[in-house]
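Participant:
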Amino acid sequence: MALSRIYPVLIFLLLFFSCLGPGRGARNYPDNEVTLLDSMSALGDLGWEAYPAEGWEEISVMDERNTPMRSYQVCNVMEANQNNWLRTRHIARHGAQRIYIEIKFTLRDCNSLPGVPGTCKETFNMYYHESNNDNLWFIKESQYVKIDTIAADESFTQTDVGDRVMKLNTEVRDISNLSKKGFYLAFQDVGACIALVSLRVFYKKCPAAVHNLAHFPDTVTGGDSALVEVHGSCVNDSEEFESPKMYCSADGGWLVPIGRCICKPGFEEGKDYCQPCRPGTYKASAKDAYCTKCPPHSYSQQEKASECTCEKGYYRADMDPRSMACTRPPSAPENGISTLNDTSVALEWRPPRDSGGRGDLAYNVHCRKCAPDGRKCGPCGGGVHFTPRQFGLDAAKVLVSGLLPNTDYTFSIEAINGVSDLSPSPKQQLTVNITSGQTVSVILKERKSKDSITLAWQGPDRPNGVIVEYEVIYYEKNQRDQNYTVLKTKSNMMTVEGLKPGTTYVFRVRARTDGGYGSYSGEIELETSQEDMLAIGDPNQSTILAVSIAGGVVLLVFLVACFVVSGRHCGYIKAKQDPDEEKMQFQHGRVKLPGSRTYIHPHTYEDPNQAIRDFAKEIDASSIRIERVIGAGEFGEVCSGRLKLPSKREIYVAIKSLKAGYTEKQRRDFLSEASIMGQFDHPNIIRLEGVVTKCKPVMIITEFMENGSLDTFLKKHDGQFTIIQLVGMLRGIASGMKYLSDMNYVHRDLAARNILVNSNLVCKVSDFGLSRVLEDDPEAAYTTRGGKIPIRWTAPEAIAYRKFTSASDVWSYGIVMWEVMSYGERPYWEMSNQDVIKAIEEGYRLPPPMDCPVPLHQLMLDCWQKERAERPKFSQIVNMLDKLIRNPNALKELANSSIWEDPITPEFSVNSVDEWLDAIKMGQYKDNFTSAGYVTLDSIIYISVSELSKMGVTLVGHQKKILASVQSLHAQGSHVQV
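Taking UniProt numbering, the leading residue of the sequence shown gets 1, the next gets one more, and so forth.
1. Would Leu-688 pass as a contact of Ala-616 if the rule is Cβ separation under 8 Å?
2. Tell me which residues share the same chain as Ala-752 and place their Cβ nearer than 8 Å to its Cβ, disregarding the 5 neighbours each side in the sequence.
3. For the alpha helix (DSSP H) that Arg-731 lies in, which residues bound it at each end?
4. Taking 8 Å as the threshold (C-beta atoms), are Lys-121 and Gly-191 in contact?
5. Out of Ser-491, Thr-106 and Phe-507, which one is the CA nearest neighbour of Tyr-484?
6. I want to know whether the segment 272–283 touches the segment 251–259 - three or more CB-CB distances under 8 Å.
7. Hey, could you find the ends of the alpha helix (DSSP H) Cys-863 is sitting in?
8. Going by the DSSP bridge assignment, what does Ala-654 pair with across the sheet?
9. Going by the C-beta, is Ser-60 closer than 7 Å to any heavy atom of the ligand MN?
10. Which runs of the beta strand (DSSP E) spanning at least 3 residues fall entirely within the segment 189–270, listed in chain order?
11. For Ile-262, tell me which candidate among Ala-325, Val-256 and Asp-272 has the shortest Cα-Cα distance.
12. Roughly how many whole angstroms lie between the Cα atoms of Ser-675 and Ser-766?
13. Helix, strand or coil: how does DSSP classify Ile-962 here?
14. Taking buried to mean at least 16 other C-beta atoms within 10 Å of its own C-beta, is Met-319 buried or exposed?
15. Rounded to the nearest angstrom, what separates Leu-285 and Thr-309 at their Cα positions?
16. Are Val-496 and Ile-524 touching if we call contact CB-CB under 8 Å?
17. State buried or exposed for Val-679, treating a residue as buried only when at least 16 other CB atoms are found within 10 Å of its CB.
18. With 16 as the cutoff for other CB atoms within 10 Å, does Trp-829 come out buried or exposed?
19. Can you give the beta carbon distance from Gly-357 to Arg-328, rounded, assuming they're within the 8 Å contact cut?
20. Ignore the nearest five residues each way along the sequence and tell me which others in Leu-37's own chain have a CB closer than 6 Å to its CB.
21. Nearest to Glu-414 by alpha carbon, out of Lys-883, Glu-334 and Gly-378?
22. Go ahead and pull the three-state DSSP assignment for Gly-182.
23. Could you tell me which residues DSSP puts in a beta bridge with Cys-377?
24. Beta strand (DSSP E) containing Lys-488: first to last residue?
25. Using 10 angstroms around the beta-carbon of Gly-636, count the other beta-carbons present and answer buried if the total reaches 16, otherwise exposed.
26. On the CB-based measure, 16 or more other CB atoms within 10 Å of its CB, does Ile-837 come out buried or exposed?
27. DSSP puts residue 993 in a beta bridge; with which residues?
28. Which stretch, first to last residue, makes up the alpha helix (DSSP H) that contains Ala-807?
29. Identify every run of the alpha helix (DSSP H) within the segment 104–169, keeping only runs that are complete inside it and at least 4 residues long; order them along the chain.
30. Short of 7 Å in beta carbon distance, which residues of its chain neighbour His-958, apart from the five on each side in sequence? Order them along the chain.
31. Which residue's Cα is closest to the Cα of Ser-806: Arg-826, Pro-847, Lys-873 and Lys-764?
32. Note down the Cα distance separating Ser-423 from Glu-627, rounded to an integer number of angstroms.
33. Closest to Arg-512 by CA distance: which of Lys-488, Ser-529 and Tyr-505 is it?
34. In whole angstroms, what is the alpha-carbon distance linking Tyr-517 and Val-486?
35. Starting from Trp-916, follow the alpha helix (DSSP H) in both directions and report where the run begins and ends.
36. Starting from the Cα of Leu-113, find the closest Cα among Cys-75, Ile-150, Arg-87 and Arg-89 and give me that residue.
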């Protein structure tokens, strides 16, 4: 090739290469780019094909290390009708669908070449050809697909060469949707003076990453701008909590992390990996965040412990949580007391001194009986009844009935708990011995008159203690159920007076000792005579004690009153002894089944401090280091700081403190939020770390969210996020609300200001206030201990009837969607709360924010359905957003570019229906409105879709546009006389 043909370019190349200096081959590229071809790194000939032969030519120069550097150039500017082609070798695409081509080149300014004809060019063309064959010799020009015409931003002249001015052009182009094994690149020169200094061909990938303990592999990006959904695999020693996945974007970045893995039992989370628990610590559940110290009376000697081994003599029941201290069986009950009454005995005792460290104490009662001669003993048998039961008694007392007279009984009372059956040692028992009541044996003698009967009896042979008195009961024969009389005497004789002449009476007698009542004697029937007579014996031989009937009745009334008082007292004791039963029945009107995840309202606790103990971990104040004040709440300051717990890594936290001088009610209200927060465990719910209640100031410790509240964060970064990123934020909020809804918790204050954002753009629901009280002030609407809830976030039924449900939370979520898509704009702008209420009642709904996709605004409208049953559930919302994330093309149609085109602005004013229709470019329907009787502006305020259809306005887009304008007219009522 003639030197005059290449000199203008070659000189510049030599100068350029010499300035690259050492190390020009050590080129560093981003981690998300994979190079398929780099001409600057080639060690031998590039081997590209040039045709015709006198066109492109490969040149080689040496750098300072004597390493050859190769490039191609062409400069046939002196000849017209140039068509010079240069084709690369076959380039394998390695599965990539989108390929990027980076060209570095120099180009000579045609005006700086003297005598050059007008056919000189300052551009060249780039083509490609897909092929599965890596050994094609010839490709027709018609088989190439043009990529682009490449023009130089900077061209050089002869003066530039003399001044050693470097003017290197860099251009990047891409080709998409490749399907064959590889491709060829070709460059066409049509009459330029150009040199290809370097060519790099590469594709983009999302580099391997670990997020939320899930490993995501190198992923090649999709064609065009489609996202590639990638499911992550949990790192070693972890398991799925919620299926982890992310989306690989077209530019090689990971988007929208969903789900997470959690470390298995025996492991805790480190930096992108799970590390084993150290000796002396354990982690029982994968849902636990960190390893914790073994509970009392237990230990772990090896790493990776999922539970701690109990010390000798201590045990853990199968149903005990692994975090519970090991316990032991209780000691024996103490101070047994028996009260005998006829054939029943009331046994009472004191609880054991040592309960074994457990709260599930119960009692078993074992019974043995012996015959009067003491020779034959055995189990009591089925004739003896225990009230309320014989085994598993909650209270330290039992009533035993059905005892046989004149029988020795031994009752063994043992205390048991949940680990009693695990101990090989025999259970310790309390023994109570009694002899059942003896029967008054025989009536010795009697004497009758017309209105009295005197009878005498013999006491028991083997009384159970000293006889205190006898009890005589009598009634007229066949009238036992109607009327009977009870008389008492300390003697073994009694004269009963005031009887009816010639009437048969039935008598029974029993003895009472200091050990209780014995059994009644058999029934004795005696009849009064018509005249006084001596029946048996001498009346002068005994002293007769008579007790009046009135005295017996008074005594009976006294006993009944004592029984009533005693019954009331027992009922009170039972209620106090069974608090768990009361809790189970009043948790939001539901029975809390074992294993269920149901929110428990702190107000169901009689002692609010118990709720704190149940749901919030107490933190030693010395573990907290406060660094700076970041805000203020109703109860005090909000600060950021660090929390360092024993055996755990230091973390950033937010600290809410209770200001000095608080009342007990303020303290309860302040800690109630922690009682609520501590029940939740979800990646999109703010996490409670613990509370400080044992010293001042009282504090609530939560995870720290670096980017603060969502509304403020969006305002600071107006317009800086992609639609997919915003949808990812909305998906996180919806996932957190789905979790709350599944737990039957109603938030009632869902708004962007109550969503917190961390450094990874993960949104988390916060502010779990309790009380919402309707006020007379319409601008305040509701008051909570966390501040006021504006009307504009609240569902209509909640405003009118205080009907707060998950459906009302869905309404609020629709407002949050609008806030997110408008980057924190105030809902309903500067409309008053009264106007907002009125507009919503009349069907007005917020229009789509600028650049809001149609599906997102439609989802907002679904959330704002008047009938709460027609609103979507949070589970459905999560599914809808997942579908949109998987199919980004569905988000390309913008709502404000179609249905909401040409909206009426608040400053717009019309005076008639015709003017209004012209203003919204619907003038073709003037006759339709006039014929239907809509001739004044106030008549169109309540127009509906069905009415528009009857009038002949059948196009859905026109219907929506007219209705949107009607709502806008109504909202700016100051301009329209209605």
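Every residue, glycine too, gets a C-beta built ideally from N, C-alpha and C.
Facilitator: Reading from the atomic positions:
1. Yes. Within cutoff.
2. Ser-709, Leu-710, Asp-711, Leu-714, Val-816, Glu-819, Val-820 and Gly-824
3. 723–742
4. Result yes, Cβ atoms of Gly-191 and Lys-121 sit closer than 8 Å.
5. Tyr-484 has its Cα closest to that of Phe-507, out of Ser-491, Thr-106 and Phe-507.
6. no
7. First-last of the alpha helix (DSSP H) with Cys-863: 854–863.
8. Per DSSP, Ser-640 and Thr-702.
9. Among the ligands in the structure shown, none appear at all, so the ligand MN cannot be discussed.
10. 193–206, 209–211, 214–216, 228–231, 238–248, 254–263 and 267–269
11. Asp-272
12. 13 Å
13. helix
14. exposed
15. The sequence shown places Ser at residue 285, not Leu. Straight-line Cα distance between these residues: approximately 16 Å.
16. Pairing Val-496 with Ile-524 gives a Cβ-Cβ distance that is not under 8 Å.
17. According to the sequence displayed, residue 679 carries Gln and not Val. With 16 or more other Cβ atoms within 10 Å, it is buried.
18. Within a 10 Å sphere around the beta-carbon of Trp-829 sit fewer than 16 other beta-carbons, which makes this residue exposed.
19. 7 Å
20. Ile-91 and Val-201
21. Glu-334
22. strand
23. Cys-370
24. 485–489
25. Counting the other CB atoms within 10 Å of its CB gives Gly-636 a total of 16 or more, which places it among the buried residues.
26. buried
27. There is simply no residue 993 to check, as the chain begins at 1 and stops at 978 in what is shown.
28. 806–821
29. 158–163
30. Met-922
31. Lys-873
32. Between the C-alpha atoms of Ser-423 and Glu-627 there is a straight-line separation of about 52 Å.
33. Lys-488
34. 14 Å
35. 913–919
36. Cys-75
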